[in-house]
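Scroll down for the structure; my scribbles are underneath it.
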Amino acid sequence: MNPAPHTPCTVACTVGVIRVITEDRERTDAHGQLIERAFPQVRAVSRCIPDQPEGVHDAATKRAAEPKVVALACQLVEQGADGIIVSCADDPGVAEARAIVGVPVVGAGESMAAAAARFEGPVGVIGITPDAPPAFPRILGKRLLANLVPDGVRDTRDLSTPAGQRAAIATARQLRDEGAAVIALACTGFSTIGLAPQLEEAVGIPVIDPVMCEAQALLRALSLR
Numbered sequence: 029m030n031p032a033p034h035t036p037c038t039v040a041c042t043v044g045v046i047r048v049i050t051e052d053r054e055r056t057d058a059h060g061q062l063i064e065r066a067f068p069q070v071r072a073v074s075r076c077i078p079d080q081p082e083g084v085h086d087a088a089t090k091r092a093a094e095p096k097v098v099a100l101a102c103q104l105v106e107q108g109a110d111g112i113i114v115s116c117a118d119d120p121g122v123a124e125a126r127a128i129v130g131v132p133v134v135g136a137g138e139s140m141a142a143a144a145a146r147f148e149g150p151v152g153v154i155g156i157t158p159d160a161p162p163a164f165p166r167i168l169g170k171r172l173l174a175n176l177v178p179d180g181v182r183d184t185r186d187l188s189t190p191a192g193q194r195a196a197i198a199t200a201r202q203l204r205d206e207g208a209a210v211i212a213l214a215c216t217g218f219s220t221i222g223l224a225p226q227l228e229e230a231v232g233i234p235v236i237d238p239v240m241c242e243a244q245a246l247l248r249a250l251s252l253r
């Protein structure tokens, strides 16, 4: 479920997609390909930051990622990107890049939190860190019901295992039973494996996909320029 109350930009554009886990070319392109399929007017140029094989999953890995994200954002804009997506729910380097690159910059965390805020009722978050990414409490306040990590999941790579996906379904059911009206997936690894529709079918409430949210947020920002 990906609410889009404003019409996204329909003009052809080039979007820089920054992945915060160091992967091979095929996996680096995965989120950009999802965006291109959903929004045919978009050309996605994807890059991953170096030397982060575990991605961003705690304070130390976030600090390490931030200057790398800013450097890549500058590089992508120099190469013609009309806007930048930082495809990570912790939004590393988003504020810093936004201050200097001169084009819209969005992160998955703030995009999902804003999308969740458009629903009524409590918001449950499934992520890979003990605390919800900072955008969620900042934007949702008391509407943030809980942030839960599926059993056995330490970083984004664990989500691609059958055990990790079963644990995610169990966690979604727990949040629903505790009163969540909508669930936000606070790791873009959920998008990589396309888990949102499966979770939504399992729990019967809206489940927000991070890559779709970040793409919609950037296209709205571009449409307002």
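Residue numbers for the sequence shown follow this note's numbering, so the first one is 29 and each next one is one higher.
A virtual CB, placed ideally from N, CA and C, is assigned to each residue, including glycine.
For residue j and residue i, the rounded distance between their alpha carbons
i             : j              : result
leucine 246   : isoleucine 113 : 7 Å
alanine 144   : threonine 50   : 29 Å
valine 26     : glutamate 82   : Residue coverage of the chain in this structure runs from 29 to 253, which leaves residue 26 outside it and unanswerable.
arginine 185  : alanine 191    : 12 Å
proline 225   : isoleucine 156 : 19 Å
arginine 182  : proline 158    : 10 Å
glycine 111   : leucine 172    : 29 Å
isoleucine 77 : glycine 149    : 37 Å
Boundaries (first-last residue) of the beta strand (DSSP E) holding residue i
i              : result
threonine 50   : Note, threonine 50: premise wrong, no beta strand (DSSP E); not H, not E.
valine 114     : 111–114
isoleucine 221 : Careful: isoleucine 221 lies outside any beta strand (DSSP E) and carries neither H nor E.
Enclosing alpha helix (DSSP H) for residue i [first to last residue]
i            : result
alanine 92   : 87–106
cysteine 215 : Counting along the chain, cysteine 215 falls outside any alpha helix (DSSP H), and DSSP gives it neither H nor E.
alanine 196  : 190–205
Which residues DSSP lists as bridging residue i, in chain order
i           : result
valine 84   : According to DSSP, valine 84 bridges with nothing at all.
serine 139  : According to DSSP, which records beta bridges pairwise, serine 139 is partnered with nothing at all.
arginine 71 : Thr42
valine 174  : Looking at the sequence provided, one finds alanine at residue 174 rather than valine. Beta-bridge pairing links alanine 174 to Gly152.
Option nearest residue i by Cα separation, candidates the options
i            : options                        : result
arginine 204 : Asp183, Thr189, Ala230, Ala191 : Ala230
glycine 152  : Glu124, Asp186, Arg201         : Arg201
valine 177   : Arg171, Ala214, Pro238         : Ala214
leucine 187  : Val97, Glu206, Leu227, Val98   : Leu227
arginine 194 : Ala174, Asn175, Phe218         : Phe218
Any 3 or more C-beta pairs closer than 8 Å across the segment 119–138 and the segment 155–168: At 8 Å Cβ cutoff, the stretches touch.
Contact between the segment 44–62 and the segment 72–80 (3+ Cβ pairs under 8 Å): Yes: at least three Cβ pairs fall under 8 Å.
Touching by the beta-carbon criterion (3+ pairs, under 8 Å), the segment 233–240 and the segment 206–215: Because the criterion of three Cβ pairs below 8 Å is met, the segment 233–240 and the segment 206–215 touch.
Cβ contact (3+ pairs, closer than 8 Å) linking the segment 86–104 and the segment 50–61: Judged by Cβ distances under 8 Å, the segment 86–104 makes no contact with the segment 50–61, as fewer than three pairs qualify.
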